[in-house]
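Enquirer: For the sequence shown, the positions run 0 to 520 when this note's numbering is used. C-beta atoms are modelled at their ideal positions from N, C-alpha and C, and glycine is treated no differently.
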Amino acid sequence: MGELPFGPVPLTPLHFLDRSREVYADRPAYVDEYIAYTYSDLGDRSDRLAGALRDLGVQPKDRVSVLAPNTNVALEAHYGVPGAGAVLNMLNTRLSARELEYILDHAGSKVLIVDRGLLQLARDSVGTSGIAIVVAGGPDSDYERHLARATPFRHHLDDEWSLLSLNYTSGTTGRPKGVMYAHRGAYLQSIAMQSQLLLSTEMVFLWTLPMFHCNGWCFPWAVTAAGGLHVGLRKVNPEEIWASIRTRGVTHFNAAPTVLTDLLNHSAAADGPVEAAITVATGGAPPSPTLLARLALLNIDVVHLYGLTETYGPAAICEWRTEWNGLSAEAQSKLRARQGVGNLVSENVRMVRPDGSDVERDGSTVGEVVLRGDNVMLGYYLDDAATASASIAGWFRTGDLGVMHPDGYIELRDRAKDVIISGGENVASIEVEQALASHPSVLECAVVASPDERWGEVPVAFVTLLPDAECSEEELILYVKDRIARFKAPKRVVFGPLPKTATGKIQKFVLRETLSATDAD
Numbered sequence: 000m001g002e003l004p005f006g007p008v009p010l011t012p013l014h015f016l017d018r019s020r021e022v023y024a025d026r027p028a029y030v031d032e033y034i035a036y037t038y039s040d041l042g043d044r045s046d047r048l049a050g051a052l053r054d055l056g057v058q059p060k061d062r063v064s065v066l067a068p069n070t071n072v073a074l075e076a077h078y079g080v081p082g083a084g085a086v087l088n089m090l091n092t093r094l095s096a097r098e099l100e101y102i103l104d105h106a107g108s109k110v111l112i113v114d115r116g117l118l119q120l121a122r123d124s125v126g127t128s129g130i131a132i133v134v135a136g137g138p139d140s141d142y143e144r145h146l147a148r149a150t151p152f153r154h155h156l157d158d159e160w161s162l163l164s165l166n167y168t169s170g171t172t173g174r175p176k177g178v179m180y181a182h183r184g185a186y187l188q189s190i191a192m193q194s195q196l197l198l199s200t201e202m203v204f205l206w207t208l209p210m211f212h213c214n215g216w217c218f219p220w221a222v223t224a225a226g227g228l229h230v231g232l233r234k235v236n237p238e239e240i241w242a243s244i245r246t247r248g249v250t251h252f253n254a255a256p257t258v259l260t261d262l263l264n265h266s267a268a269a270d271g272p273v274e275a276a277i278t279v280a281t282g283g284a285p286p287s288p289t290l291l292a293r294l295a296l297l298n299i300d301v302v303h304l305y306g307l308t309e310t311y312g313p314a315a316i317c318e319w320r321t322e323w324n325g326l327s328a329e330a331q332s333k334l335r336a337r338q339g340v341g342n343l344v345s346e347n348v349r350m351v352r353p354d355g356s357d358v359e360r361d362g363s364t365v366g367e368v369v370l371r372g373d374n375v376m377l378g379y380y381l382d383d384a385a386t387a388s389a390s391i392a393g394w395f396r397t398g399d400l401g402v403m404h405p406d407g408y409i410e411l412r413d414r415a416k417d418v419i420i421s422g423g424e425n426v427a428s429i430e431v432e433q434a435l436a437s438h439p440s441v442l443e444c445a446v447v448a449s450p451d452e453r454w455g456e457v458p459v460a461f462v463t464l465l466p467d468a469e470c471s472e473e474e475l476i477l478y479v480k481d482r483i484a485r486f487k488a489p490k491r492v493v494f495g496p497l498p499k500t501a502t503g504k505i506q507k508f509v510l511r512e513t514l515s516a517t518d519a520d
């Protein structure tokens, strides 16, 4: 066909801010307890950040890391860093200095932008590496001084497949891997999120999901594309979330099921349903039907998403069908707990056997979830072996096991490593957890395998009870046996708080280590 006379123009999520600063110039873009500014301001500050980075010697393809909570600085970095032609590396604020040091070294970061409250952690992480530190936080900060004297800049992008950001995995089974996002993938994923979560100019989006997690599922770009209002939140706790919901008119936020559980059991929930419905996207673990039913009573509509760091966040969505509206509340909750179908820009999700063939759509044959599309990573940074091992005939292997229902919706049964094989029978920890979660005294729970001389492995439950609730180990075990096959019931119950990641996911590897240490004693 030859060269096209009028394009194409490379796809990049930076386009969303270019458009919104023109169309919604005077509309509010960002607000928190200290500052508020418009889309015109956001555009100017982001371009000045790009110029400031150039002044600091940052060149195209250099890596710029950011260690900050969900503030305006984190939002601006999603535009200013790639605007300089650099690669954005958002850092998990809950990691140790040693873990951050590894990431900074592996990424080869040239500049580290850090929130003032995390400065000591940043200094411990950088050591003597020579990475330039820019401190943000307050009008007298280095960050603000750099922006004030910088000339606005925008790098010309000529390849939409070029590297936009590096997101490091949690590293729970080894060294974290750098997941590479392309401009094209982030652009398309942002459109999917805007469309399927019904983001609009009237939306008020509360930043409960960390922007360092999969670039906030691409919502820093998706909310801007819609011209909605970003509400910053430095610390995620139920009291502050409820305060924002009641006073700022929040319409959307994203959170792990554990965060939603905390909201339900906070005293503010007793004030009753919110006046206008709130849409909450959740992922990381299947929400129990019990959790979904309780949230519905508060006028909080939960949309279940599924994805990984390697898929720019949510690759699948439990898309609601109107014919389900007439079903019972219990039936609707069970449907909402499924992971669903590929999102707007994803390929259709597949469930395959070890040889790559598709399993039957019968809701019972277990296979591995595999994904493909523009919203799947470019690969692992500087790790060709890991990239190759994650592929099966050009599809990304997630390591998640589940079933395909006749309607094409998938439902997870477990992570491959979380399946408990007891006496030769497979026990899905998710099934046991959902049975436990339906008990009126249970706040949250997790089930893992414990070695057993007779059975090989047996399920052990870790349970946090509701405040002031009382329930014995024997009562919970009998309760589960009344609801699922008796051999699937936990053989032990350990009561207490559950360890979690920065995004609210329960750290099952920590629970396994706890069991190993206990058994060794």
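In whole angstroms, give me the CA-to-CA distance for residue 510 and residue 500.
Expert: If I take the Cα positions, the gap works out to 13 Å.
Enquirer: Please go through the same chain and pick out, in chain order, the residues whose beta-carbon is closer than 8 Å to the beta-carbon of residue 245, but skip the five residues on each side of it.
Expert: Correct list, in chain order: 267, 270, 273.
Enquirer: Please classify residue 218 as buried or exposed, where buried requires at least 16 neighbouring CB atoms within 10 angstroms.
Expert: With 16 or more Cβ atoms within 10 Å of its Cβ, residue 218 is classed as buried.
Enquirer: Whose C-beta lies closer than 7 Å to the C-beta of residue 372 among residues of the same chain, with five residues either side of it excluded?
Expert: So the qualifying residues of the chain are 344, 345, 346.
Enquirer: Got a sec, what are the start and stop residues for the alpha helix (DSSP H) residue 109 sits in?
Expert: Here residue 109 belongs to no alpha helix (DSSP H); instead the beta strand (DSSP E) covers 108-114.
Enquirer: I'd like to confirm something about residue 154: is its beta-carbon nearer than 7 Å to some heavy atom of the ligand FAD, or not?
Expert: The ligand FAD is not part of the structure shown, which contains no ligands of any sort.
Enquirer: Nearest to residue 41 by alpha carbon, out of 82, 58, 66?
Expert: Nearest C-alpha to residue 41: 82.
Enquirer: Count the other C-beta atoms from every protein chain shown that fall within 10 angstroms of the C-beta of residue 406, then say buried if there are 16 or more, exposed otherwise.
Expert: Classification of residue 406: exposed, given that the 10 Å Cβ count is below 16.
Enquirer: Mind checking if residue 95 is an interface residue toward chain D, Cβ cutoff 8 Å exclusive?
Expert: The structure shown contains no chain D; it holds only a single protein chain.
Enquirer: Would the stretch 280-299 count as touching the stretch 431-440 if we require 3 or more Cβ pairs under 8 Å?
Expert: Verdict: yes, contact present.
Enquirer: Check whether the stretch 18-30 touches the stretch 129-146, counting contact only when three or more Cβ pairs, one atom from each stretch, lie closer than 8 Å.
Expert: As far as the Cβ criterion goes, the stretch 18-30 does not touch the stretch 129-146, which means the pair count is below three.
Enquirer: Just the Cα atoms here: how many angstroms apart are residue 314 and residue 221?
Expert: Cα-Cα distance, rounded: 15 Å.
Enquirer: With a Cβ-Cβ cutoff of 8 Å, do residue 440 and residue 226 count as a contact?
Expert: Result no, Cβ atoms of residue 440 and residue 226 do not sit closer than 8 Å.
Enquirer: Would you report the Cα separation of residue 16 and residue 384, rounded to the nearest angstrom?
Expert: If I take the Cα positions, the gap works out to 37 Å.
Enquirer: Going by alpha carbons, who is nearest to residue 72 out of 14, 210, 12?
Expert: Selected option, being the one with the closest Cα: 210.
Enquirer: DSSP three-state label for residue 165, please.
Expert: Note: residue 165 maps to strand in three-state DSSP.
Enquirer: Determine the direct distance from the alpha carbon of residue 380 to that of residue 318, and round the result to whole angstroms.
Expert: Each residue's alpha carbon lies about 33 Å from the other.
Enquirer: Please classify residue 420: is it buried, with 16 or more other beta-carbons within 10 angstroms of its beta-carbon, or exposed?
Expert: Answer is exposed; the Cβ neighbour count stays below 16.
Enquirer: Decide if residue 166 is buried, meaning its Cβ has at least 16 other Cβ atoms within 10 Å, or exposed.
Expert: Counting Cβ neighbours within 10 Å, residue 166 comes out buried, since at least 16 surround it.
Enquirer: Look up residue 444 in the DSSP assignment and give the residues it is bridged to.
Expert: Per DSSP, 462.
Enquirer: List in chain order: all unbroken alpha helix (DSSP H) runs of 4+ residues lying wholly within the stretch 0-76.
Expert: List check, alpha helix (DSSP H) in window: 13-22, 38-54.
Enquirer: Which value, in whole angstroms, describes the spacing of the CA atoms of residue 192 and residue 307?
Expert: Roughly 15 Å between the two C-alpha positions.
Enquirer: Starting from residue 456, follow its DSSP beta bridges and name the residues at the other end.
Expert: Looking at the DSSP assignment, residue 456 forms a beta bridge with 450.
Enquirer: In this structure, does DSSP put residue 367 in helix, strand or coil?
Expert: Strand, per DSSP.
Enquirer: For residue 152 and residue 98, I'd like the C-alpha separation in whole angstroms.
Expert: Distance between the alpha carbons of residue 152 and residue 98: 33 Å.
Enquirer: Please classify residue 247 as buried or exposed, where buried requires at least 16 other C-beta atoms within 10 Å of its C-beta.
Expert: Looking at its Cβ environment, which holds fewer than 16 other Cβ atoms inside 10 Å, residue 247 is exposed.
Enquirer: Could you check what DSSP says for residue 375 in three-state terms: helix, strand or coil?
Expert: Coil, per DSSP.
Enquirer: For residue 207 versus residue 125, is the C-beta distance shorter than 8 Å?
Expert: No, Cβ-Cβ distance for residue 207 and residue 125 is not below 8 Å.
Enquirer: Mind pulling the beta strand (DSSP E) runs of 3 or more residues that sit fully within the stretch 284-343?
Expert: The qualifying runs are 299-307, 312-316.
Enquirer: Assuming contact is defined by CB atoms lying nearer than 8 Å, are residue 86 and residue 47 in contact in what I supplied?
Expert: Cβ distance not < 8 Å, so residue 86 and residue 47 don't count as in contact.
Enquirer: The beta strand (DSSP E) spanning residue 251 covers which residue range?
Expert: Looking at the DSSP string, the run of the beta strand (DSSP E) that includes residue 251 is 251-253.
Enquirer: Pick helix, strand or coil for residue 482, following the three-state DSSP scheme.
Expert: Here residue 482 sits in coil by DSSP.
Enquirer: Out of 445, 453, 450, which has the shortest C-alpha to C-alpha gap to residue 463?
Expert: When each option's Cα is compared against that of residue 463, the closest is 445.
Enquirer: Determine the direct distance from the alpha carbon of residue 392 to that of residue 355, and round the result to whole angstroms.
Expert: So the two alpha carbons sit approximately 8 Å from each other.
Enquirer: Assign residue 460 to one of two classes, buried (16 or more other C-beta atoms within 10 Å of its C-beta) or exposed (fewer than that).
Expert: Looking at its Cβ environment, which holds 16 or more other Cβ atoms inside 10 Å, residue 460 is buried.
Enquirer: Here's a check: name, in chain order, each residue in its chain whose Cβ is nearer than 7 Å to the Cβ of residue 254, leaving out the five neighbours to either side.
Expert: Closer than 7 Å at the Cβ level, and outside the excluded window around residue 254, lie 207, 208, 279, 281, 503.
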